[in-house]
Amino acid sequence: MLAVPLRALLQRFAFGLLAATAITLMVLSRAEPELIERLRTGITDASAPILQFFSQPAASVASALDEIDAVMAVHEENAALRDRNARLLKWQAVAQQLAHENEVLQGMLNVVPDPRATFVTARVIGDSGGPFVRTALINAGAAHGARKGLAVINGEGLIGRIVEAGERSARILLLTDLNSRIPVVMEASRDRAILAGDNTPRPRLEFLAVDSRAGVGDRVVTSGEGGLFPPGLPVGIVSSVREDGVLVQPFVDWDRLEYVSVLDYTLPGVLPSTRRAERVGSLR
Amino acid sequence: MSAVWIQRVDTFLRGLTPATLILLLVFVGAVPWHLPGLAPVTPAFPLIAVYYWSIYRPDKLPFAATFALGLFHDLLTGTPIGLTALVLLLVQGIVNSQRVFFHNKPFLVVWWGFTLLVPVAALTSWVIGSIFLGAMVPPLPIIVQAALTILLYPVLAGVFSQIQFHFMQRL
Chain A
15 MLAVPLRALL
25 QRFAFGLLAA
35 TAITLMVLSR
45 AEPELIERLR
55 TGITDASAPI
65 LQFFSQPAAS
75 VASALDEIDA
85 VMAVHEENAA
95 LRDRNARLLK
105 WQAVAQQLAH
115 ENEVLQGMLN
125 VVPDPRATFV
135 TARVIGDSGG
145 PFVRTALINA
155 GAAHGARKGL
165 AVINGEGLIG
175 RIVEAGERSA
185 RILLLTDLNS
195 RIPVVMEASR
205 DRAILAGDNT
215 PRPRLEFLAV
225 DSRAGVGDRV
235 VTSGEGGLFP
245 PGLPVGIVSS
255 VREDGVLVQP
265 FVDWDRLEYV
275 SVLDYTLPGV
285 LPSTRRAERV
295 GSLR
Chain Y
6 MSAVWIQRVD
16 TFLRGLTPAT
26 LILLLVFVGA
36 VPWHLPGLAP
46 VTPAFPLIAV
56 YYWSIYRPDK
66 LPFAATFALG
76 LFHDLLTGTP
86 IGLTALVLLL
96 VQGIVNSQRV
106 FFHNKPFLVV
116 WWGFTLLVPV
126 AALTSWVIGS
136 IFLGAMVPPL
146 PIIVQAALTI
156 LLYPVLAGVF
166 SQIQFHFMQR
176 L
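As structure tokens, this is what we get:
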């Protein structure tokens, strides 16, 4: 047994050393992000099976609650759905007609077709669990084709993009995160802007032209600028236009992210795919 | 193996209880719970555990363990690396320096101590986090998180004291 004063001294030394290490790591992660990123992907890869195990009961509790909710509201919902179905059938007819017309017109004009995006679907096994970042972990990694820089969507719209990819897990930077910048366009007016996250539920539009006629309710979609995201992915609708900025309400319901799709959209033959991802990564 | 050895291994494993619980709570905090609006304000479970064990069994939670668990939390959740590690260390350091005050105090006093400490931890992480990210992090989620963490303390402390009673009584 060590003498008590000596132990106290050692403790103090350990405290100082560890606190200094923590600060050093913070500085290092700014100076050498690659190094820390490798550490992160290693840890998340190793933890992915455990998170997957834990996230399943959590998801079933949530879905049980949803189930109860659904049973309570089944009558009203049924009526609303019938109504909506009737309207959607009309829309379907219109869409089919337009799609056909579009195809014929594109054929007449010899339009270069957009590359088809392939995708993998993965489950969300972890969220940021804190106020500083808006990220999510998914159980697909490099082994499944998830690479840094790829867009992530679900049925509702754009979620974000992959910032770290391990072998069997990857981290998505949600479009609401402080560090997220996404080139977008107003669907109707074609005004371009950058959708900048600020950790609030509603990101803002930056670099929007001064004479833009953006109004509340306008749809915002990805512009495809930079070639990383396919153009036209639904992002959200303009929720408020004020002197200090235009805010966008994303389509995605962040509380119910369960399954997401990673879109691999590469223009074949234009650039080697890995270089593209790296380039975008270094733009961050 | 002789009985003495089994005894030793048993003692060692029981001594790991605080660290194991904190590790478990890091996972609990990182899993998506799909509860409306919870993710950004997930209570700081590890903070509760570090405070509790620093008061009741500081001998079984060395600084190095706290640091490692905080770092693991940062890596897993995408929080700026080292931030949680630093804040947890700070909390443990403050508790350690006030050991005489906390000695044999009733639950309410310990909880009151926690309500004083959590805002300090929250403010520290907000300032350092904002500097690190190069932008002011919205303070509201941090305030809500601090409040939830304080409210959750009695529940987790109750669970911990049961575990302590059953697993670590003769340690």
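Chains A and Y are the protein sequences, given in the same order.
Residue numbers for the first sequence follow this note's numbering, so the first one is 15 and each next one is one higher.
Residue numbers for the second sequence follow this note's numbering, so the first one is 6 and each next one is one higher.
Note that beta-carbon positions come from the ideal geometry of N, C-alpha and C, so glycine has one too.
Bear in mind that the values here come from a model prediction, so they are computed numbers and not experimental data.
Check, Outcome
"Reduced DSSP secondary structure (H/G/I, E/B, other) of D83(A)", "helix"
"Beta carbon proximity, A69(Y) to chain A, threshold 8 Å", "yes"
"Selected residue, minimal CA-CA separation from T175(Y), among G118(Y), P45(Y), R62(Y) and T84(Y)", "The identity of residue 175(Y) in the sequence shown is Arg, whereas the question assumes Thr. R175(Y) has its Cα closest to that of R62(Y), out of G118(Y), P45(Y), R62(Y) and T84(Y)."
"Positions along the stretch 128-162 of chain Y whose CB lies within less than 7 Å of some CB in chain A", "G134, F137, L138, A140, V142, P143, P146, I147 and Q150"
"Any non-hydrogen atom of the ligand NAP closer than 7 Å to Q106(A) Cβ", "Ligands displayed in this structure: none; no statement on the ligand NAP is therefore possible."
"Cβ pair T149(A), L187(A) closer than 8 Å", "yes"
"Contacting positions in the stretch 79-91 of chain A - beta carbon closer than 8 Å to chain Y", "none"
"Residue-chain proximity (W94(Y), chain A), Cβ-Cβ < 8 Å", "It should be noted that the sequence gives Leu, not Trp, for residue 94(Y). Output row for L94(Y): interface = yes."
"Exposure label - N99(A); buried when at least 16 CB within 10 Å", "exposed"
"Positions along the stretch 129-163 of chain A whose CB lies within less than 9 Å of some CB in chain Y", "V138, I139, G140, D141, S142, G143, G144, P145, F146, V147, R148, T149, A150 and L151"
"Span of the alpha helix (DSSP H), counted from its first residue to its last, around G30(A)", "V18 to A45"
"Own chain residues within Cβ distance below 6 Å of S142(A), not counting five before or after", "R148 and T149"
"Residue burial classification, T82(Y) (beta-carbon count within 10 angstroms, cutoff 16)", "buried"
"Cβ of N213(A) within 8 Å of any chain Y Cβ", "yes"
"Beta carbon proximity, I99(Y) to chain A, threshold 8 Å", "no"
"Chain Y residues whose Cβ lies nearer than 7 Å to that of L53(A)", "L80"
"Three or more C-beta pairs below 8 Å linking the stretch 162-172 of chain A and the stretch 167-174 of chain Y", "no"
"Cβ of Q25(A) within 8 Å of any chain Y Cβ", "yes"
"Residues near L122(Y) by beta carbon distance below 8 Å, same chain, minus five either side", "Y56, V96, I99 and V100"
"Start and end residues, alpha helix (DSSP H) containing G250(A)", "That residue, G250(A), is in no alpha helix (DSSP H); its beta strand (DSSP E) goes P248 to R256."
"Between the CA atoms of S275(A) and V134(A) - distance to the nearest angstrom", "5 Å"
"Nearest-angstrom Cα separation, counted from G241(A) out to L285(A)", "Residue placement at L285(A) is flagged as unreliable, the pLDDT there being 44, under the threshold of 50; a coordinate-derived value is accordingly withheld."
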